[in-house]
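Just so you know, we're using our numbering here: the sequence shown kicks off at 17 and counts up by one.
Inspection log for the structure reproduced underneath, given as structure tokens.
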Amino acid sequence: MRQITLWNKIGLSCLVVVLVFQGIVSENTIKAFSKNLSRTSQYKSQVVQQFEISMWRQHSKILQQSSNQASGSHKMISDSKLDNEAKPVQAKKKTLSVKVMATGYTAGYESTGKRPNHPQYGITFSGVKVRRDKDTVSTIAADLKVFPLGTILYIPGYGYGVVADKGSAIKGHKIDLYFKTIKQVYKEWGKKEVQVQVIRKGNGKLTEAMLKELGKAMEVSKEIPDNLWEKAI
Numbered sequence: 017m018r019q020i021t022l023w024n025k026i027g028l029s030c031l032v033v034v035l036v037f038q039g040i041v042s043e044n045t046i047k048a049f050s051k052n053l054s055r056t057s058q059y060k061s062q063v064v065q066q067f068e069i070s071m072w073r074q075h076s077k078i079l080q081q082s083s084n085q086a087s088g089s090h091k092m093i094s095d096s097k098l099d100n101e102a103k104p105v106q107a108k109k110k111t112l113s114v115k116v117m118a119t120g121y122t123a124g125y126e127s128t129g130k131r132p133n134h135p136q137y138g139i140t141f142s143g144v145k146v147r148r149d150k151d152t153v154s155t156i157a158a159d160l161k162v163f164p165l166g167t168i169l170y171i172p173g174y175g176y177g178v179v180a181d182k183g184s185a186i187k188g189h190k191i192d193l194y195f196k197t198i199k200q201v202y203k204e205w206g207k208k209e210v211q212v213q214v215i216r217k218g219n220g221k222l223t224e225a226m227l228k229e230l231g232k233a234m235e236v237s238k239e240i241p242d243n244l245w246e247k248a249i
């Protein structure tokens, strides 16, 4: 009987030892699992954090590129606007517009009192010969106090005229336009009040060389060349 009781105690002790051992193992397993779980959570947190940082950097880069593109577009628009605003400055100089009474005249006796055998027939006050050229420039007469010699006018219906002559009856805002014949005077002009453009005011001088050079230049460009402005007149 005592022997049975002893074995029961031994068996109970072994059971207790086994249970304690299992408890220790289970506790260690739980601790290890918890530790691994904590490490996994930390790793996931780090991964998420790195991903968020990467996404933020990418987003910032996209925003910067968009900002640069917008800035470039704004600059292009601004430059374009400046270019458009600069165009009027680069345009041709504004010309003075003057209303005058224009009368046709010839180099003949009816207008100048000179006949073809006169040594000064067809010679203007400036010294150049009278000239009528619809395609380039013609000589005209004016009040030299208003339009000095060398003044270039654009007369609608007549063309470009350069002041080369004067007349005793030409005072104030009056000009005489040269024609070769009386027939042309009556047919093409007569007497009209017109609004002329002062292309360039003369300096009181006009020579054959200047007139010829101006005429040649206008044959090419059909207008008064800027680079000939000071040189020709």
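Every residue, glycine too, gets a C-beta built ideally from N, C-alpha and C.
Treat the numbers as computed from the prediction; the structure is a model and nothing was measured.
### Query
Nearest CA to the CA of K232: which residue from T152, L193 and V212?
Residue numbering aside, residue 232 sits at position 216 when the sequence shown is read from its first letter. It is T152.
### Query
How many whole angstroms separate the CB atoms of D159 and G188, which I take to be in contact at a CB cut-off of 8 Å?
In the sequence shown, residue 159 corresponds to position 143, counting from 1. In the sequence shown, residue 188 corresponds to position 172, counting from 1. Sure, about 6 Å apart at Cβ, within 8 Å.
### Task
Note down, in chain order, each residue of its chain lying with its Cβ closer than 6 Å to the Cβ of F141, except the 5 sequence neighbours on either side.
The sequence position of residue 141 within the sequence shown is 125, counting from 1. Cβ within range, chain order: D181 and K182.
### Task
Find out if the Cβ-Cβ distance for the pair Y202, V146 is shorter than 7 Å.
Locating residue 202 in the sequence shown gives position 186, counting from the first residue. Locating residue 146 in the sequence shown gives position 130, counting from the first residue. Cβ distance not < 7 Å, so Y202 and V146 don't count as in contact.
### Task
For my contact list, M117 and E209 are in at a C-beta cut-off of 8 Å; report their separation, rounded to the angstrom.
Counted from its first residue, the sequence shown places residue 117 at position 101. Counted from its first residue, the sequence shown places residue 209 at position 193. That pair is a contact at about 5 Å.
### Message
Rounded to the nearest angstrom, what separates I215 and P172 at their Cα positions?
### Response
Taking the first residue of the sequence shown as 1, we reach residue 215 at position 199. Taking the first residue of the sequence shown as 1, we reach residue 172 at position 156. Between the alpha carbons of I215 and P172 lies a distance of about 13 Å.
### Query
Just the Cα atoms here: how many angstroms apart are Q136 and A185?
Walking along the sequence shown from the start, residue 136 turns up at place 120. Walking along the sequence shown from the start, residue 185 turns up at place 169. Distance between the alpha carbons of Q136 and A185: 19 Å.
### Task
Specify, as a first and last residue, the run of the beta strand (DSSP E) that T284 falls within.
Nothing can be reported for residue 284, as the shown portion of the chain is limited to 17 through 249.
### Task
Please name the residue or residues paired with I156 in a DSSP beta bridge.
Along the sequence shown, read from residue 1 onward, the residue named residue 156 stands at position 140. Residue pairing from DSSP places I156 in a beta bridge opposite V179 and L193.
### Query
Looking only at C-alpha atoms, which of D149, M234, N219 and K207 sits nearest to K190?
By one-based count along the sequence shown, residue 190 stands at place 174. Taking the Cα of K190 as reference, the smallest distance to any Cα among D149, M234, N219 and K207 is reached at K207.
### Query
Which one of T223, K150, S127 and T167 has the shortest CA to CA distance from G143?
Start at 1 with the first residue of the sequence shown, and residue 143 comes out as number 127. The shortest C-alpha separation from G143 is found at T223.
### Nonlocal neighbours in the same chain, by C-beta distance under 7 Å from T111, ignoring five residues either side
Your numbering for residue 111 matches position 95 in the sequence shown. Counting only Cβ-Cβ distances below 7 Å, and skipping sequence neighbours, we find Q213, V214 and I215.
### Query
For Q213, does the three-state DSSP call read helix, strand or coil?
Residue mapping note: residue 213 aligns to position 197 of the sequence shown, counting from 1. In this structure, Q213 counts as strand in the three-state DSSP scheme.
### 7 Å CB neighbourhood of I168 in its chain, flanking five on each side removed
Counting from one through the sequence shown, the residue named residue 168 turns up at place 152. The residues are Y176, V178, I215, R216, I240 and I249.
### Task
Hey, could you find the ends of the beta strand (DSSP E) Y121 is sitting in?
Position 105 of the sequence shown, counted from the start, is the residue given in the question as residue 121. Start and end: L112 to Y121.
### Message
So for L169, helix, strand or coil by DSSP?
### Response
The residue given as residue 169 occupies position 153 in the sequence shown. Here L169 sits in strand by DSSP.
### Task
Could you tell me the distance, in whole angstroms, from the CA atom of E235 to the CA atom of K130?
Counted from its first residue, the sequence shown places residue 235 at position 219. Counted from its first residue, the sequence shown places residue 130 at position 114. E235 and K130: Cα-Cα distance of roughly 31 Å.
### Task
In angstroms with no decimal places, state the Cα-to-Cα distance between D192 and A157.
As a first step, residue 192 must be located in the sequence shown, where it is residue number 176. As a first step, residue 157 must be located in the sequence shown, where it is residue number 141. If you draw a straight line from the Cα of D192 to the Cα of A157, it comes to about 5 Å.
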